[in-house]
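Before any comments, here is the structure.
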Amino acid sequence: MSEKRATREAYGEALVELGHEYPNIVVLEADLAKSTTTIKFKKEFPERFFDCGVAEQNMMAMAAGLATTGKVCYTGSFAIFATGRAFEQVRNTISYPKLNVKICPTHAGITVGPDGASHQTVEDIALMRVIPGMMVIVPADFYEAKKAIKVAVEVEGPVFIRLGRAAVPTIFDDSYNFVPGKAVRLREGQDVSILATGIMVGAGLKSAEDLGRQGISAEVVNVSTIKPLDEETILSSVEKTGKVVVAEEHSIIGGLGSAVAELLCEKHPVPVARVGIKDQFGRSGEPAELLKHYGLTSEDISQAARQLTAY
8 MSEKRATREA YGEALVELGH EYPNIVVLEA DLAKSTTTIK FKKEFPERFF DCGVAEQNMM
68 AMAAGLATTG KVCYTGSFAI FATGRAFEQV RNTISYPKLN VKICPTHAGI TVGPDGASHQ
128 TVEDIALMRV IPGMMVIVPA DFYEAKKAIK VAVEVEGPVF IRLGRAAVPT IFDDSYNFVP
188 GKAVRLREGQ DVSILATGIM VGAGLKSAED LGRQGISAEV VNVSTIKPLD EETILSSVEK
248 TGKVVVAEEH SIIGGLGSAV AELLCEKHPV PVARVGIKDQ FGRSGEPAEL LKHYGLTSED
308 ISQAARQLTA Y
């Protein structure tokens, strides 16, 4: 892990590349083209870009309408507004008829920073995960985000891809092959499985290094597709280690932690610790300060792992 880049930066780049390859792709935005980086697509394909203003509900309805004409629609905005304000339109107008709309909001999680609770969303994965037929993807870094955005065009039906504002460590490179629905083992281990998603994957890898120096062998799995969950890879890891720490920049209610707990409760019960937001709203602050305040650092993951392996 070296350079840091925000996953939102991948959005504009991927859209431009897709625009040249697929003439039926259109992009809709809610007056946030600079922030979400969809402005890159707007400059390249102005006739295929629709600024809907501060009106996410209308934007989703427009995307649904365009999708019925054979267009593949990508939508922007911030995650709190794309999933919260427009939930009914995403559910009833896009997902119920299984339309080809890719919902890719940026500024998810608490690492939005100083904008505070009103612009931070720790509920979006839960909201999108509960909708029937919605694929939910949370990329770990810039490269995985770019690959996921480009692969989504080939997925039939709605897809939610969660993108962030803050720069995060680079884990992959341009040769990485993203496969929807497939979790990826990044590090082998024997004592505990660290299942992480989004920006917490980097923290999970650092935690595994620290734990290794303490005599604890931690396996790290990047679970970038929350739905459908890669049950096979997760169960394979957990059957080997017998203990699980789940890490996410999201509420522990309804996100990856819930999905993993549900799976293991039914198919392979083991001790599980969830590192995430514990039934709280966000607050204003710098990203690093907020991650520390809410217990979302590599040390928090390590502490949870140490507690589990102490038994």
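If you read the sequence shown in my numbering, its first letter stands for residue 8, the second for the next number, and so on.
For glycine and all other residues, C-beta sits at the position ideal for the given N, C-alpha and C.
Val253 versus Gly302: straight-line alpha-carbon distance, rounded: The sequence position of residue 253 within the sequence shown is 246, counting from 1. The sequence position of residue 302 within the sequence shown is 295, counting from 1. Spanning the two alpha carbons is a distance of roughly 13 Å.
Val61 burial status per 10 Å Cβ neighbour count (16 or more: buried): Numbered from its first residue, the sequence shown carries residue 61 at position 54. Exposed, since its Cβ has fewer than 16 Cβ neighbours within 10 Å.
Beta-carbon gap between Lys109 and Ile156 smaller than 9 Å: For the purposes of this step, residue 109 is identified with residue 102 of the sequence shown, where counting begins at 1. For the purposes of this step, residue 156 is identified with residue 149 of the sequence shown, where counting begins at 1. Cβ distance < 9 Å, so Lys109 and Ile156 count as in contact.
Pick from Arg169, Val166, Gly120 and Val191 that is closest to Ile178, judged by C-alpha positions: Taking the first residue of the sequence shown as 1, we reach residue 178 at position 171. Nearest Cα to Ile178 within the set Arg169, Val166, Gly120 and Val191: Val191.
Residue nearest to Val228 in terms of C-alpha spacing, selected from Glu216, Ile241, Gln221 and Val186: By 1-based counting over the sequence shown, the position of residue 228 is 221. Considering only alpha carbons, the answer is Ile241.
Proximity below 9 Å, CB of Val186 to CB of Asp148: Reading the sequence shown from its first residue, position 179 is the one you call residue 186. Reading the sequence shown from its first residue, position 141 is the one you call residue 148. No, they are not a contact pair.
Inter-residue spacing [alpha-carbon to alpha-carbon] between Asp122 and Arg172: To locate residue 122, count along the sequence shown from 1; it is residue 115. To locate residue 172, count along the sequence shown from 1; it is residue 165. Rounded to whole angstroms, the separation of the alpha carbons of Arg172 and Asp122 is 11 Å.
Buried or exposed by the 16-neighbour rule on C-beta atoms within 10 Å, applied to Asn184: Taking the first residue of the sequence shown as 1, we reach residue 184 at position 177. Asn184 comes out exposed.
Limits of the alpha helix (DSSP H) - the one that His27 falls within: Within the sequence shown, residue 27 is the residue found at index 20, counting from 1. That run of the alpha helix (DSSP H) goes Thr14 to Glu28.
Completely contained alpha helix (DSSP H) runs for the segment 124–195, where each covers 4 or more residues: 131–136 and 149–158
The segment 45–55 contacting the segment 201–208, beta-carbon criterion three pairs below 8 Å: no
Nearest candidate by alpha-carbon position, reference Ala86, set Pro278, Ala133 and Leu22: Counting from one through the sequence shown, the residue named residue 86 turns up at place 79. Here the closest residue by C-alpha is Ala133.
For Leu236, the nearest candidate out of Glu256, His300, Val143 and Ile259 (CA to CA): Position 229 of the sequence shown, counting from 1, holds the residue named residue 236. Checking every option, the nearest Cα to that of Leu236 belongs to Val143.
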